[in-house]
Structure formats: C-alpha cells, structure tokens
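I have placed the structure first, in the form of structure tokens, so that the comments after it can refer back to it.
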Amino acid sequence: MRNYLITLTAFLTIAACTLNEPHLPSWDTKWTFFLPVQDYELSEIIKEDSLLTADTTANGIPIISINSSDSTDWERIASNDMTIDPDDDRFVEKVGEISLGDPEEIKSPELNLDELLPPVLLNSGDTLPPYDPLTAHPEVKNVEFERYKSVHVKKGLLWLTFYNETFLKIRSGMTIKVYNDGPSLELIDELVFTESIDPSETVKSTTIDLANQTLSNQFVLEYSIPIAGSDTSKVLTEEDKSGSTYSILHLDTLTVDQAQAKIPSQSFDRSKQIDLQNQKHQLKHAVIDRGSITFIVDNHLPIDSDIKLTLYNFLENGSYKTINLRLMGDENRVKTIDLSDMEIINYKDPDAIIDSLGFNVEATVDSTTDYVTINADDSVAVDIQIDSLYFESITGILDRI
C-alpha cells in the first residue's frame with residue numbers, strides 16, 4: 000500500500016510513498032523490473048474534496064492534509080518470459096565432389112618385335128639384315144581400369160610411361176593417341192614424344208587434363224612408332240627376339256561429380272547457422288531448464304554412412320553436444336535431444352551476445368567393394384526443429400517482461 004501525505008504551509012512537504020517489494024523468482028538471476036509508474040498532480044488531487052482534511056501541526060499551525068492511496072500487486076514472472084524460440088531450419092549436405100582414392104596405374108599389352116619390324120626382316124633366321132628407317136603402326140591396344148565403370152571428371156590427370164625394352168632405336172616424333180572407348184570411340188588426346196628413344200630407355204609423356212570429361216574405364220592406345228634404320232646386320236639373341244615395348248597408364252587421383260565406381264571411404268561436412276538476432280532476450284550465457292531439439296536426418300546416399308552432428312552452442316559437461324548416428328543407404332532417422340541442464344554459449348566469442356546457433360554435420364561413407372552409382376547431388380539432409388528453450392538462469396540483456 001502506498002500512502003501520500005502532502006502538507007501545505009509556507010512550504011509544501013511531501014511525505015512518504017511505500018511500495019510492496021516485488022517477489023523475485025527462485026533462480027539466481029539478475030533482473031531489472033520496470034514497475035508501474037504514475038504521476039500525481041496536486042491540482043488534480045485538490046479537486047477531490049474527500050481527499051482534503053483540515054488539521055493543525057503540533058505547534059497549532061493550521062494545515063490541510065491531502066490523503067491519497069494506491070496499491071501495487073506482486074510483480075510475477077511467467078515461465079514463458081524466460082525463453083527464446085529459435086526458428087526451425089533445414090540444411091542439405093551434398094556430396095559435391097567424390098574422390099576415387101589413390102592414383103591407379105595399369106600396364107598396356109606389349110608390342111612384340113614382329114609388330115614393330117616387317118616379317119620379311121625376321122624371316123632371315125637369327126640374322127637381321129640392314130633395313131631402312133620405317134614407321135610401325137601396330138594394332139591398337141586396349142586397357143581397362145578396375146576401380147570404376149564410368150565417371151564424369153571434375154579433376155584428374157592421365158599420363159603414360161613408355162618402355163622401350165628392345166634393341167631398336169626410336170626416332171623423335173612417336174605418337175600415341177589415347178581414346179575413350181565408351182558408347183563410341185572418342186579421342187581424348189594425342190601424346191607426342193619429341194625426343195628420340197634409345198634401346199632399353201623409359202620416357203614419360205606429357206600430362207592429359209581430364210577435367211569435364213565423361214569417361215568409361217576402357218581406353219584404346221593407337222601407336223605410331225618411327226624406327227631408326229640400320230646399315231649393318233645383327234645376329235638376334237633370345238633376349239632380342241623376346242624384347243617388346245609397352246606403356247603404363249597412370250591415372251591420378253580422380254575427383255568426380257558422377258560415378259559408377261567402387262567408392263573408398265571418405266568424409267565430407269557442412270555447417271549451418273540459425274539466426275537469433277530477432278529474439279526478445281539477448282543472451283551471453285544461459286542454463287537450460289527445459290527444451291529439446293529434433294533432427295530429421297535423411298541419408299540420400301546409396302552407401303551406409305556414419306553421421307556426426309555437432310551443436311556448437313550447447314555444452315554438455317563442458318563439451319560441445321554431439322550426436323552420432325549410423326544410417327544405412329537411403330535411410331531416414333528422427334532423433335530428439337533433451338537439452339535440459341545444458342549450457343548455451345557463444346562458441347565464437349564467450350563475451351559476446353549469442354546471435355546465432357551453429358550446427359555441423361559430418362558424413363563418413365563406407366568403402367564399397369561393389370560398383371555403386373553416386374553423383375554430386377546425393378546428400379545428407381538434416382531438418383532442425385527446436386522447441387522453445389526455457390532457462391533457469393540467464394546472463395545477457397533482457398527485454399521488458
């Protein structure tokens with residue numbers, strides 16, 4: 000009850016105003032309460048005759064007493080005044096790029112001596128007569144990579160190492176055309192060796208950039224080999240007659256966005272922020288009384304995967320809250336997390352207002368021994384549904400309640 004005593008003499012004395020003290024909540028939290036405010040004007044009070052009383056002071060001085068009263072109820076805080084309501088959100092973790100693992104190499108079929116020299120030269124028994132320079136055009140050679148069936152390449156390199164394990168000297172200008180043997184035979188590139196190649200020498204080709212090409216796992220090599228002539232006869236040894244040339248195809252680590260392949264185990268992750276700037280309270284730190292968060296996780300990958308969700312703003316026993324899920328290929332899972340007693344913080348700057356909630360999803364796919372079809376748009380999709388969060392203590396800037 001508030002009582003006001005106003006005395007009019009040669010001066011105006013305003014006596015006491017008494018308020019009931021507000022009843023504070025039981026949690027240990029610093030609050031600023033904005034209690035009702037009312038202004039009283041003396042001219043308005045005088046108009047009410049019932050509020051005027053003739054009186055005298057102890058010294059017999061005549062005075063007029065003006066009495067007014069008002070009441071203020073206990074100020075109470077509803078539980079929903081200590082809450083924030085983050086928006087639900089969704090984010091999709093697309094594969095984007097798929098690695099096909101370590102570099103792979105494969106040996107082409109060999110070119111034997113009888114494919115490099117005309118048969119007439121070899122019909123002389125063990126003695127090879129003198130011969131003029133010539134260019135050999137042996138039959139094409141097919142090679143097949145085992146790791147994949149077909150791919151669309153984002154990043155990748157291909158090159159050859161050519162082995163001349165014969166007694167023949169190869170003149171400069173040898174070419175090897177490399178074809179992709181897919182639905183149709185398509186030239187990828189022509190490799191030109193500008194230097195001569197001596198007997199028993201190994202040389203490396205230039206590099207072919209495979210970016211943006213759609214490739215099968217089968218390649219065709221077409222050789223054009225200029226062989227230097229000889230003006231002397233040569234008696235052939237068994238080693239000479241068994242000599243050959245061949246190529247090793249080197250396929251650098253392929254990064255693809257579409258593949259039918261054996262996929263090695265690999266991880267990829269994405270992060271998401273949910274904005275909190277429009278909440279009525281601005282928090283630096285809080286302890287959650289009750290509330291929950293629900294994740295709806297869709298594994299749109301054709302491969303079994305381990306999914307790890309990290310909640311950066313929520314601390315459980317001093318560490319970021321994490322959820323680990325094991326999902327089969329194309330499986331859907333709903334997971335609800337009770338956030339009671341967890342702390343909520345600004346993980347980027349502990350002294351700053353929490354302006355967003357940060358989440359991370361990391362997917363680790365199993366390796367496969369069978370061929371699977373995967374593309375860059377395959378994904379792990381996560382729907383985030385956050386219940387209202389009620390707090391037992393708050394540090395921050397609080398709006399009026």
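What the sequence shown shows, in numbering that gives the first Met the number 0, is residues 0 to 400, in sequence order. Idealized CB from N, CA, C, for every residue including glycine. Note that the structure is a prediction, hence the values are computed from the model and not measured.
Strictly by DSSP, which residues pair up with residue i?
| i | result |
| --- | --- |
| glutamine 212 | Partner(s): none; glutamine 212 has no beta bridge. |
| aspartate 188 | Val177 |
| aspartate 297 | Asn331 and Ala380 |
| alanine 362 | Phe267 and Ile306 |
| asparagine 374 | Gln257 |
| serine 98 | Thr254 |
| isoleucine 273 | Leu356 |
| threonine 417 | Missing from the structure shown is residue 417; the chain here goes from 0 to 400 and no further. |
Sorted by chain position, which residues of the same chain lie with C-beta nearer than 8 angstroms to residue i's C-beta, five sequence neighbours on each side aside?
| i | result |
| --- | --- |
| aspartate 377 | Lys93, Val94, His299, Leu300 and Pro301 |
| serine 266 | Glu361, Ala362, Thr363 and Val364 |
| proline 132 | Arg170, Pro225, Ile226, Ala227 and Gly228 |
| glutamate 194 | Ser171 and Val202 |
| glutamate 189 | Thr174, Ile175, Lys176 and Val177 |
| threonine 368 | Lys261 |
| serine 264 | Thr363, Val364, Asp365 and Ser366 |
Can you list, in chain order, the residues of its chain whose CB lies under 6 angstroms from that of residue i, leaving out five sequence neighbours each side?
| i | result |
| --- | --- |
| tyrosine 319 | Thr309 and Tyr311 |
| asparagine 331 | Asp297 |
| leucine 157 | Ile207, Leu209 and Leu250 |
| phenylalanine 161 | Val202 and Ser246 |
| glutamine 212 | Val152 |
| glycine 181 | Ser215 |
| isoleucine 107 | In the sequence under discussion, the amino acid at residue 107 is serine, which differs from the isoleucine named in the question. Cβ neighbours of serine 107 beyond the five flanking positions: Lys140, Val142, Leu220, Tyr245 and Ser246. |
| threonine 293 | Thr335 and Gln384 |
| serine 304 | Asn298, Leu326, Ala362 and Val364 |
| proline 137 | Leu110, Glu114 and Tyr222 |
| glutamate 315 | Met341 |
If you follow the beta strand (DSSP E) that residue i is in, where does it begin and where does it stop?
| i | result |
| --- | --- |
| valine 150 | 147–154 |
| valine 119 | Not the beta strand (DSSP E): valine 119 falls in the alpha helix (DSSP H), residues 118–121. |
| aspartate 113 | Element bounds for aspartate 113: not the beta strand (DSSP E) but the alpha helix (DSSP H), 112–115. |
| histidine 136 | It is not in any beta strand (DSSP E) - histidine 136 carries neither H nor E in the DSSP assignment. |
| alanine 285 | 281–289 |
| threonine 205 | Segment: none, threonine 205 is in no beta strand (DSSP E) and carries neither H nor E. |
Let me know the secondary structure DSSP gives residue i once reduced to three states.
| i | result |
| --- | --- |
| lysine 93 | strand |
| proline 225 | strand |
| serine 243 | strand |
| serine 392 | strand |
| glutamate 104 | strand |
| glutamate 164 | strand |
| glutamate 315 | strand |
| glutamate 342 | strand |
| glutamate 238 | helix |
| serine 355 | strand |
| threonine 231 | coil |
| isoleucine 385 | strand |
| lysine 347 | coil |
| isoleucine 322 | strand |
| isoleucine 336 | strand |
| glutamate 200 | coil |
| threonine 193 | coil |
| glutamate 143 | strand |
| leucine 23 | Its pLDDT being 46, under 50, leucine 23 is placed unreliably in this model, and the coordinates cannot settle the point. |
| isoleucine 262 | coil |
| threonine 28 | Because the pLDDT of threonine 28 is 48, which lies under 50, any placement of that residue in the model is unreliable, and the question is left without a value. |
Near residue i, what residues of its chain come up, given a Cβ to Cβ distance below 7 angstroms and the 5 sequence neighbours on each side ignored?
| i | result |
| --- | --- |
| isoleucine 199 | First, the amino acid is wrong: residue 199 is serine here, not isoleucine. Counting only Cβ-Cβ distances below 7 angstroms, and skipping sequence neighbours, we find Asn163 and Glu164. |
| serine 291 | Thr335, Ile336, Asp337, Leu338 and Asp386 |
| proline 129 | Ser229, Asp230, Thr231 and Ser232 |
| leucine 167 | Leu115, Pro198 and Ile226 |
| phenylalanine 144 | Glu103, Ile105, Asn216 and Leu250 |
| lysine 240 | Leu112 |
CB of residue i to nearest heavy atom of the ligand PLP: below 6 angstroms?
| i | result |
| --- | --- |
| serine 387 | Here there are no bound small molecules, and the ligand PLP is not part of this structure. |
Drop a sphere of 10 angstroms on the beta-carbon of residue i, count the other beta-carbons inside from all chains shown, and report buried for 16 or more, exposed for fewer.
| i | result |
| --- | --- |
| serine 183 | exposed |
| asparagine 216 | buried |
| valine 333 | exposed |
| valine 119 | exposed |
| isoleucine 396 | exposed |
| alanine 351 | exposed |
| valine 191 | exposed |
| asparagine 179 | buried |
| glycine 124 | exposed |
| aspartate 101 | exposed |
| valine 255 | buried |
| proline 149 | The question names proline, but residue 149 is serine in the sequence shown. By the neighbour-count rule (16 or more Cβ atoms within 10 Å), serine 149 is buried. |
| leucine 186 | exposed |
| serine 204 | buried |
| asparagine 345 | buried |
| valine 379 | buried |
| valine 234 | exposed |
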